[in-house]
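S.K.: Below you will find the structure I want to go over with you.
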């Protein structure tokens, strides 16, 4: 994560989101690693008081880790690259939360993101989270600011952290008495899904600091005095893991999950299944549901502890976003009904998966073990799935030769009654059949070309799981293959797949398998070698190493390519952001005008027709570039995070 | 003199009797050892020197070919009379060359290898080869593995797979058109068997049910325009096997030669690498990824058509969209440098192309 281009990108992201001051501090911290306040003053040439204020705000946003060793008493600061990078993903996360839990939840989420972390009691007082404030533009402004790039002005506001936030919305805040009708349930829902977590003290220190601190603590303790050598090491390692987990654990889902499903979700499903859009099966918590549903949901609700401080749980959201990519794979090839069944399975799994991978570093190809998701029993899936989903008609018959009696009967029924309801009730009633049909759909996905699920039998119960590592690898290869295809054409794609399946091959064998004419093959191999996608290994047959007595083997190293593409992706992302800044610079005066406080929000009134046109063009350009950054982030996620 | 004559005559006679016995009792390919010949009971009293004389005379008449069997023992093979006549007419050099070429059978031999084995001068060798080729005893063949080498084999033999490269080569060159035609045919026929075509009478029903569903509009449009296909459930047994596909290809009349199962398997594997088919049960049966409608649509498309309408490409990703992904000077790009995001001409055109409201 600390490569040149990643650093450049993180710097740009910080600068774009929080202004130049933060950017300068951040890049200094990255360049010189850990610094004390005094040295930071020296390197950045920012006055100490400003620096202190900025650091406080950056800590609030988790952009900076700080650590004070007990014996020295001096605080060190260092940059948190991961948090800076996640700024690029914020838009995607908000969109996802909106899709899952509705508009209001997305608002709450974006406010928490905007504040870095926030106390529940503070969220209660925020005007933009009041139910009726949603309509006013106060909040939307805030949200846009988060995604858009700020000029200095906004950056200053952020420096003051929460106060700045209030200042922006001060105009329309304060009048409302806090009506906590939907904030707490929404927070509960976010917590139950695991999208937010409790802030612990350990979150403010870097991972290494936490580990070292704990190790020191253990070694100073009484229980290790009797141990020596290897035993000691082992003991410390084990204990560190436990303590680390304890320290960083901010899990809020405890007590909110019932049988592996967030509270409230299931009940809503049973009653609201008909009204809701079953394709995506959103669990909306906002106001468009039926009245009694709402009441039921709120009745047993204990409000969130108001002293609780929450932040966004990026790890969990990565899991959710990854599941969405899996679903995309299913949707692309499988029938929609099957994809829907898969969606329910994925959702169940998501609730019980806390992070994408166990290890922090990116695993090497072929060296990682398989990691299975929790197994979901078939019976619980059949409860979830919408009984009106047509599972039978979306698969062909097993046996083609005999004219299918089932289908025949159906058609007959239909012609007589002109109504399907009778049949649907039948199939919904017999749950055994239903479970079998779901099983069929999942089995379809378990087979190639999908291979998206895998079946387990535990104690006579059929359960379904997902092979996470296998699928993550599949996604990764897909991204690489897309690039290869776009750059070198489909012939290259075939060659790459052959090399991947067979390992190292000489040209002749490669030709035999790929059935390509020599000329094409050589051309495509040569151009891919220039691009760094394939490479050649020489195996001399004797010590002279003459070319004529040497075997040349082509190979494709997915790890190496992945690393270089990842770097390229970081670089492309920063180029997009830099270009955006340049484009903004070109239109600076005009944009300054549109952002004047009297013009903003009243563009129609103050701007001429031509200016409005220009503004629209600019917005299109901006969204194009920012959209592209988000698309590139998808690739980074696949190659680094999943 | 007389005794020598009688002994010579008897040897010739004995030899021809031996030859006839060999022809009638053994197959043409049999490898004769000493025991075999003595076992025929033609040479009296197992007289070894006499047997040696007989075989030598047969070898001289080109009716026997002398070979070295296991453990360096002498062995012989019979040559049919008509071939022997041919060989008798050859000059000693020519017959030397002929024997060397004969020994390599269907795999053929490189001219340089003949030279090193016969130790003949190049010009003599060339003359011999020319005359043998002129008499139509040998032919020159093209080897796929070593396209630049001049190779010869007996005129009556068909080159082996190693030499021709298998069914997919015509005259030593990979026959691309042929491969495309056959693979297209195979994909389509696999596809027909891997997707269930919904009978027309069922379509109305499907439309109905889908109205509770989000995908209702999509589905009904499909049903109206074209045929609808459903995947088979997991237990389905109807996916085509290699044998069935081979038979289908050979029956279809698109191949001038009969294709073997090996060749078809080779092609099927290639199609798997193209992500057009997938192998199930360890390559026993094959299933197609796309349904027949999609396969047809893709095959109907001309290769030189605008790539933007091609949808069966893998879905695009960020890196293929952004100009940086295709940029030839990406490595040189530095803010403030000679190539920089500020002066990038690719970005300029890209933004103008993509944003609908550009000015």
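Protein chains in written order, with the UniProt record's numbering: chain A, 1 to 642; chain B, 1 to 359.
Backbone N, C-alpha and C fix where the C-beta goes; we use that ideal spot for every residue, glycine too.
Keep in mind it's a predicted model, so treat the numbers as computed, not measured.
(1) Step through the CB atoms of chain B and report whether any lies within less than 9 Å of the CB of residue 118 (chain A).
(2) Using C-beta distances below 8 Å, list every residue in its chain close to residue 485 (chain A), excluding the 5 sequence neighbours before and after it, in chain order.
(3) Check each residue of the segment 145-161 of chain B: if its Cβ is closer than 7 Å to any Cβ of chain A, include it; give the result in chain order.
(4) Assuming residue 227 (chain B) and residue 160 (chain B) are in contact, meaning their beta carbons sit under 8 Å apart, how far apart are those beta carbons, in whole angstroms?
(5) Would you say residue 438 (chain A) and residue 341 (chain A) are within 9 Å of each other, going by their C-beta atoms?
(6) Tell me, please, whether the CB atom of residue 102 (chain A) is closer than 9 Å to any CB atom in chain C?
(7) If you scan the segment 527-584 of chain A from start to end, which runs of the beta strand (DSSP E) of 3 or more residues do you find wholly inside it?
(8) Do we get a CB-CB distance below 9 Å when we pair residue 556 (chain A) with the residues of chain B?
(9) Whole angstroms is fine: what's the gap from residue 278 (chain A)'s alpha carbon to residue 356 (chain A)'s?
(10) Between the segment 95-110 of chain A and the segment 233-243 of chain A, do three or more beta carbon pairs fall short of 8 Å?
(11) Skipping 5 residues on each side, what residues in its chain have a beta carbon closer than 7 Å to that of residue 587 (chain A)?
(12) Under DSSP, the alpha helix (DSSP H) around residue 235 (chain A) begins and ends at which residues?
(13) According to DSSP, simplified to helix, strand and coil, what is residue 146 (chain B)?
(14) Mapping DSSP to helix, strand and coil, what is residue 278 (chain B)?
(15) Cutting at 8 Å between CB atoms, please list the residues of its own chain near residue 319 (chain A), excluding the five before and the five after it.
(16) By the DSSP assignment, the alpha helix (DSSP H) with residue 324 (chain A) in it spans what residues?
(17) Can you list the residues of chain A that residue 196 (chain B) reaches, using a CB-CB cut of under 7 Å?
(18) Does the beta-carbon of residue 66 (chain B) have 16 or more other beta-carbons within 10 angstroms, so that it is buried, or is it exposed?
(19) Measuring only between beta-carbons, confirm whether residue 112 (chain B) sits less than 9 Å from chain A.
(20) Mind listing the chain A neighbours of residue 278 (chain B)? Cutoff is C-beta to C-beta under 8 Å, in chain order.
(21) Using a Cβ cut-off of 9 Å (strictly closer), state whether residue 308 (chain B) contacts chain A.
(22) Interface residues of chain B around residue 64 (chain A) at Cβ under 7 Å?
(23) Do the segment 67-84 of chain B and the segment 106-123 of chain B make contact, defined as three or more Cβ pairs closer than 8 Å?
(24) Taking C-alpha atoms, which residue in A:629, A:116, A:559 lies nearest to residue 574 (chain A)?
(25) Looking at residue 335 (chain A): is its Cβ nearer than 9 Å to the Cβ of residue 231 (chain B)?
(26) Note the first and the last residue of the continuous beta strand (DSSP E) segment covering residue 457 (chain A).
(27) For residue 353 (chain B), count the other beta carbons within 10 Å of its own beta carbon; 16 or more makes it buried, fewer makes it exposed. Which is it?
(28) Give the residues from the segment 286-300 of chain B that approach chain A closer than 7 Å (Cβ to any Cβ), ordered along the chain.
(29) Would you mind listing the alpha helix (DSSP H) stretches within the segment 224-262 of chain B that are 4+ residues and don't spill past its ends, in chain order?
(30) Let's test the definition: count the other Cβ atoms within 10 Å of the Cβ of residue 6 (chain A) and tell me whether it reaches 16, buried, or not, exposed.
(31) Among the residues of its own chain, which have a CB less than 7 Å from the CB of residue 53 (chain B), if the five just before and after it don't count?
(32) Closer than 7 Å by C-beta to residue 346 (chain A): which residues in its own chain qualify, once you throw out the five before and the five after it? Chain order, please.
(33) Taking the C-alpha atoms as reference points, what is the distance between residue 333 (chain B) and residue 106 (chain A)?
(34) Residues of chain B with CB under 9 Å from residue 566 (chain A), in chain order?
(35) DSSP three-state label for residue 173 (chain A), please.
(36) With a threshold of 8 Å (Cβ to nearest heavy atom), would residue 482 (chain A) be considered close to the ligand FAD?
M.R.: From the atom records:
(1) no
(2) 492, 493
(3) 145
(4) With a Cβ gap of about 46 Å, residue 227 (chain B) and residue 160 (chain B) do not count as contacting.
(5) yes
(6) Within the model displayed, chain C is absent; protein chains A and B are what it includes.
(7) 535-540, 550-555
(8) no
(9) Unreliable positioning characterises residue 278 (chain A) in this predicted model, as indicated by a pLDDT of 37, which lies under 50. The coordinate reading is nonetheless provided below. Using only the alpha carbons, I get a separation of about 27 Å.
(10) no
(11) 618
(12) 229-248
(13) coil
(14) strand
(15) 350, 353, 354, 355, 356
(16) 314-333
(17) 396, 397
(18) exposed
(19) no
(20) 448, 449
(21) Because the pLDDT at residue 308 (chain B) is just 46, under 50, the model does not fix this residue reliably, and the point stays unresolved.
(22) In chain order: nothing, as chain B lies at least about 24 Å away.
(23) no
(24) A:629
(25) yes
(26) 454-458
(27) exposed
(28) 289
(29) 242-252
(30) buried
(31) 11
(32) 323, 326, 327
(33) 38 Å
(34) Here the premise fails: no neighbours, minimum Cβ distance about 10 Å.
(35) Confidence at residue 173 (chain A) is low in this model, with a pLDDT of 36, below 50, so its placement is unreliable and no value can be given for it.
(36) What this structure holds is no ligand at all, so the ligand FAD is not there to describe.
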